[in-house]
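Encoded as structure tokens, the structure appears first; notes follow it.
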Amino acid sequence: MTTSAPLRRLPIGNTYNLRDIGDYEVADGVRTRWGRLFRSDATRFTDGADLAGLGLRTVIDLRDDAEVTALPTGLDALVPNVLRRPLDPRPLLSEALEGSPDPLGALYVALLRERGPRIAAIVGELTRPDALPALVHCAAGKDRTGVVIALVLSAIGVSDEDVAADYALTADYLTADFFAAIPAESGAADPADEALRGARPESITALLRVLDAEHGGARAYLTGHGVPDEAIDHLRTALTH
Numbered sequence: 019m020t021t022s023a024p025l026r027r028l029p030i031g032n033t034y035n036l037r038d039i040g041d042y043e044v045a046d047g048v049r050t051r052w053g054r055l056f057r058s059d060a061t062r063f064t065d066g067a068d069l070a071g072l073g074l075r076t077v078i079d080l081r082d083d084a085e086v087t088a089l090p091t092g093l094d095a096l097v098p099n100v101l102r103r104p105l106d107p108r109p110l111l112s113e114a115l116e117g118s119p120d121p122l123g124a125l126y127v128a129l130l131r132e133r134g135p136r137i138a139a140i141v142g143e144l145t146r147p148d149a150l151p152a153l154v155h156c157a158a159g160k161d162r163t164g165v166v167i168a169l170v171l172s173a174i175g176v177s178d179e180d181v182a183a184d185y186a187l188t189a190d191y192l193t194a195d196f197f198a199a200i201p202a203e204s205g206a207a208d209p210a211d212e213a214l215r216g217a218r219p220e221s222i223t224a225l226l227r228v229l230d231a232e233h234g235g236a237r238a239y240l241t242g243h244g245v246p247d248e249a250i251d252h253l254r255t256a257l258t259h
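Residue 79 in my numbering is what sits at position 61 of the sequence shown, and the numbering runs on without skipping anything.
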């Protein structure tokens, strides 16, 4: 588990859920480094002074065009490489919500099964030699971002327990104030469905179970969808050394 929890959430810009994924133990005892990979909700960054301290080289924005228009972040002017990589879960929502005791878990598994090449390509962007420090974000930093970050952490050897705990921290930060402050078109959650606003560890654990059962783990899932083994080795080294 994390040993430096006060450093994990970063009060930069108007974000609610900007977090550093440093200080998680990897399988062989090394730990992820602070300041290499961040996850976040979307916000407007109008002052680059605080953001400059992160030294970001890459931002991966998982939102679609309508979401970007509804809430422009301003990061294009502050970060050298801002990549739009839409990962739209909405076509999968109706099936996930239908009769499932864990609709978010069902949604994450559906993303895993239906968006494999796209998800792998997104993780592949992080394996480039000059990609880090990087920020991955969507609207709330919970669902699309949660799936991508879970795959990254699991693929480099972080335990399922810590992957689930990192995901569940979102529930502490996406408060009622967050949902009240965002534009309805931002895509952070369907305002009509409270079930989509949570972040229970069981939901991301459902994804991890399917990764193991159907693919032999996150690393095999990514390599099976086109990410080279050596690229994952590079990402592990870049995140831990």
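Ideal Cβ positions, reconstructed from N, Cα and C, are used throughout, including at glycine.
None of the values given here were measured: they were computed from a predicted structure.
What did DSSP end up calling D68 once you bin it into helix, strand or coil?
Assignment of D68 by DSSP, reduced to helix, strand and coil, places it in the helix class.
Residue range of the alpha helix (DSSP H) that L253 falls in?
247-258 is the extent of the alpha helix (DSSP H) around L253.
So, for I30: in the same chain, excluding its five sequence neighbours on each side, which residues have a beta-carbon less than 7 Å away from its beta-carbon?
By the criterion of a C-beta distance shorter than 7 Å, I30 is surrounded in its chain by L36, D68, L69, once the five residues flanking it on both sides are discounted.
In the structure shown, what three-state DSSP assignment does S221 receive?
In the structure shown, S221 sits in a helix (DSSP, three-state: H, G or I).
If I'm right that A157 touches D59 with Cβ under 8 Å, what's the distance once you round it to whole angstroms?
Yes, they are in contact, since the Cβ atoms of A157 and D59 sit about 6 Å apart, within 8 Å.
First and last residue of the uninterrupted beta strand (DSSP E) at L55:
Element bounds for L55: 55-58.
Given G123, which residues of its chain have a CB within under 6 Å of its CB, disregarding the five upstream and five downstream residues?
Closer than 6 Å at the Cβ level, and outside the excluded window around G123, lie S221, A224.
Going by DSSP in three states, T87 sits in which element: helix, strand or coil?
In this structure, T87 counts as helix in the three-state DSSP scheme.
Taking the continuous beta strand (DSSP E) assigned at A152, which residues delimit it?
Per DSSP, A152 belongs to the beta strand (DSSP E) from 152-155.
Do A186 and A217 have their C-beta atoms closer together than 7 Å?
Against a cut-off of 7 Å, the Cβ pair of A217 and A186 comes out as a contact.
Taking only beta-carbon positions, decide if A88 is within less than 7 Å of chain D.
Of the chains in the structure shown, none is chain D; there is only one protein chain.
Can you check whether the CB of V77 is closer than 7 Å to the CB of V100?
Taking 7 Å as the Cβ cut-off, V100 and V77 qualify as a contacting pair.
Whose C-beta lies closer than 7 Å to the C-beta of N32 among residues of the same chain, with five residues either side of it excluded?
Taken in chain order, the residues that qualify are T61, R62.
Starting from V166, follow the beta strand (DSSP E) in both directions and report where the run begins and ends.
Careful: V166 lies outside any beta strand (DSSP E), inside the alpha helix (DSSP H) at 162-173.
Which same chain residues end up closer than 7 Å to L257 when comparing Cβ atoms and leaving out the 5 residues on each side of it in sequence?
Same-chain partners within the cutoff: T50, R51, R54, L55, I174.
Between T145 and L253, is the Cβ-Cβ spacing less than 7 Å?
Yes. Within cutoff.
Quick check: what's the CA-CA separation for D184 versus I39?
Cα to Cα, D184 sits roughly 8 Å from I39.
Nearest to V170 by CA position, among V181, K160, D161, is which residue?
The residue with the shortest Cα to Cα distance from V170 is V181.
C-alpha distance - A161 paired with Y126, whole-angstrom precision
Note that residue 161 is Asp in the sequence shown here, rather than Ala. Cα to Cα, D161 sits roughly 7 Å from Y126.
Report the residue ranges of all alpha helix (DSSP H) runs contained in full by the region 97-162; include only those spanning at least 4 residues, in chain order.
As far as the region 97-162 is concerned, its whole alpha helix (DSSP H) runs of at least 4 residues are 111-115, 121-132, 134-144.
Judging by CA-CA distance, which residue of L105, S177, A249 is the nearest neighbour of V48?
The option with the nearest alpha carbon to V48 is S177.
Could you check if H155 is buried or exposed, using at least 16 other CB atoms within 10 Å of its CB as the buried criterion?
Here H155 is buried: its Cβ has 16 or more other Cβ atoms, across all protein chains shown, within 10 Å.
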